[in-house]
Amino acid sequence: MRKNVFIAFLCVLFLSACQQEEWFNSEELKDNQVVFKLQCAEFEDENGLNRNGLERNVPYDRVEFCVADKQGYAVTSIKGVYDAASSELRFEGLQEGEYTLSIIGIKGDAQADGVTVNPVVHISEPWLVFPSSLSKPLEADYFYSQTPFSVSKEWGKDGYETVVSAPSRIVQKHIVGRVDFSFAFNNRYIRTAVIGKKVQIGKVRFYTTFSAEGSFSGESKEIFLDTLGIETSSRSFHFPPTAGSSLQGEIDVFTRNYRGNEVKCTYVFDTGEIIPNRIHAVVTHVVHPDDDAGIMFITRNAYGEGNHARILQDGEPKEIYTDASQRGFNTAQPLQVSATDDGRLHVRFYSPRPLSGVLVKARIPSVGNEYVDLAYFDSIPSFADFYETMPLMEKDGMYHTESGRWIQIPKQDVTSGADLTFKIESGDAYWKKLQAIKHGWNISFELYGGNPDAADGGPVGNWMGIRPVHCREVVALFLNFTYMIDMQEHEEILRANEDRLYGNGGVNDKVTAETVLRQMRQPRTLRVGLVYPGNGVVGLGGGSTFGAYQPAWMQHYFDTYSCEVMFHELGHVMGYNHSSSFTYGPWAQELMNHFYVEHISEMPIDKPDYLNTKENPYLY
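For the sequence shown, this note's numbering gives the first residue as 13, with consecutive numbering after it.
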């Protein structure tokens, strides 16, 4: 009785001396079956070093192999199967002899590259063939290995045994080379203002054939490749090895600046010959006309990279959003701009809507009385809380003044931030509406004993714990209300119904439209809370106190009853009691509530979609 025995020896390719040996389990093998574990090596750097030393299993999309005898001729009587799940190649039918195993592994779509794999009779023949007129980088990756092994018979205790001497695993290398394009910028705001990068490659020749014994031959035509686009900060491309020529060309970098101008910068590169399994790094040091510009050009990319916080978001601690020093604002100044003690620009925005095209100017007393362009935002998100160090505090820079001059401003001490004066410009129609709010009210948020961490809001008397979802609607309502009080149509409806306006003395206690406008437009400070409706109360107001129940905060855009609740309590804030027209009377129940709903499309926050509060999971 004969028994097959598998004897494996360690293959030390790319392994350190301290690495543990790997052995095949002979009990897993069928008769005359040999198993090879396939792994691939990482690309080597320009010095030929694989610095990370990694070898990994790769589930190839296609595997081609050639088992050749001692004279290099392909053995056709052997069956082989590749298992992608285990990265194993299994053979059956091997007879005694010395063999060479050549393997090509393909990851990706070789057909898209126009690559063909030919059957070979001898390992010196062309096996893998690249197109002779390659027009673009390769989409697939190609790996190769050549491994000698032997099959023999030896006398054992049970008679002759088949012995296979082979490595426990095969580490493959890339047939192709890799070209890495990356970019270095002198000004971080230019990097995030890139709108496109293109690579144009000059005439080049590539090898076209690769044999089973691992040699390249054949040359392509001298060809131009298609222009390559680089959408990210870096990009890698695979190419066949070049045939005695280098890969060279031009790189175009397109940027824009905050003044709406586009700039194209062109750079040349030369990688030298493309070598198999090698990384060729092309690092473009971008020298740009705006390198010395000091403005903070906050594109959407730059803003996203900053990972800036937002205020009044669900989950914000109650200790923060009910602290007026941290979460209070005036409706006439919802966009707050300041400099921190450590030299950062701080922009906080009390708004359910974003604002686009925002230019922040600063007056620097140590420099002069003229404002200079300090920061430009493509967009400031809703409820933004932006902090970023100003280049003004980091280095000398060139700044554009209001009179159109460019001046150099030396690096400023961080303590000078307290002396900066800011002003804001924007062409956004939304900014025009916010600017139309002339008589702002100071708004902050109050629990009045409620507990927003409790599932029922922890009611205390007629109050429950206000949450950020309600605070955001408070911002929306009071931006709209303080905008409304200066609308021409609002003045007209008050004057047209002046005979229906009366005070605490009843219908004969007449109040003029001018008096009402003055009361609505005078500076006020409100601590806004959430009313608990369990006691039959839906709104509370008076002095600096204001509150409404949850449905009113959700429906003030379109529901006249919800608006009646709001204006009833605003009537109390203005000093009126229930005998006046400002609570249970025409001002609150007919004029203001209907005006607000009917003119909502003209308000700064003109629809509930910005907040989509009705879908919020933090509602009670």
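Yeah, the Cβ is synthetic: ideal placement off N, Cα and C, and Gly gets one too. Predicted, not measured: the structure shown is a model, and the values here were computed from it.
Residue burial annotation: threonine 267 is buried, with at least 16 other C-beta atoms found within 10 angstroms of its C-beta. Distances from the alpha-carbon of valine 294 to those of Gly316, Gly272, Tyr270 and Gln260 put Gln260 closest. Residue burial is scored here from C-beta neighbours: glycine 306 has at least 16 other C-beta atoms within 10 angstroms and is therefore classed as buried. From the listed residues Asn381, Pro253 and Tyr569, the smallest Cα separation to phenylalanine 228 is found for Pro253. Burial is judged here by how many other beta carbons sit within 10 angstroms of a residue's own beta carbon; tyrosine 630 has fewer than 16 and is exposed. DSSP places phenylalanine 228 within a strand segment (E or B) once states are collapsed to three. Judged by their CB atoms, threonine 334 and glutamate 458 are nearer to each other than the 8 Å cut-off. The beta carbon of asparagine 547 is closer than 7 Å to those of Asn474 in its chain, skipping five residues each way along the sequence. Per DSSP, the continuous alpha helix (DSSP H) segment holding threonine 494 begins and ends at 480-496. In chain order, Glu56 and Gly189 place their CB closer than 6 Å to the CB of arginine 290, counting only its own chain and leaving out the 5 sequence neighbours on each side.
Counting the other CB atoms within 10 Å of its CB gives phenylalanine 570 a total below 16, which places it among the exposed residues. By the beta-carbon neighbour count (other beta carbons within 10 angstroms, threshold 16), tryptophan 418 is exposed. In the DSSP secondary-structure assignment, tryptophan 443 is not bridged to any residue. Under the 10 Å beta carbon count, valine 299 is surrounded by fewer than 16 other beta carbons and is classified as exposed. Assignment of alanine 448 by DSSP, reduced to helix, strand and coil, places it in the coil class.
Under the DSSP definition of a beta bridge, lysine 233 lacks any partner. Distance from the CA of phenylalanine 48 to the CA of leucine 113, rounded to the nearest whole angstrom, comes to 10 Å. Annotation: the continuous alpha helix (DSSP H) that includes tryptophan 565 extends over 562-567. Of the residues Gln345, Ala351 and Gln562, the one whose Cα lies closest to the Cα of serine 428 is Ala351. Where glutamate 501 is concerned, the enclosing alpha helix (DSSP H) starts and stops at 500-508.
Rounded to whole angstroms, the separation of the alpha carbons of glutamine 348 and tyrosine 442 is 16 Å. Rounded to the nearest whole angstrom, the C-alpha separation of glycine 553 and threonine 244 is 55 Å. A distance below 8 Å separates the beta carbons of valine 211 and isoleucine 242. Between methionine 532 and methionine 586, the alpha-carbon positions lie close to 7 Å from each other. DSSP places tyrosine 201 in the uninterrupted alpha helix (DSSP H) bounded by 200-203.
Its Cα nearest to that of arginine 479, the residue Asp465 stands out among Phe490, Asp465, Leu489 and Asn492.
Counting along the chain, serine 574 sits inside no beta strand (DSSP E); it lies in the alpha helix (DSSP H) bounded by residues 572-585. Taken atom to atom, the span from the alpha-carbon of tyrosine 172 to that of serine 162 is near 16 Å. Per DSSP, the unbroken beta strand (DSSP E) holding alanine 351 starts and ends at 347-351.
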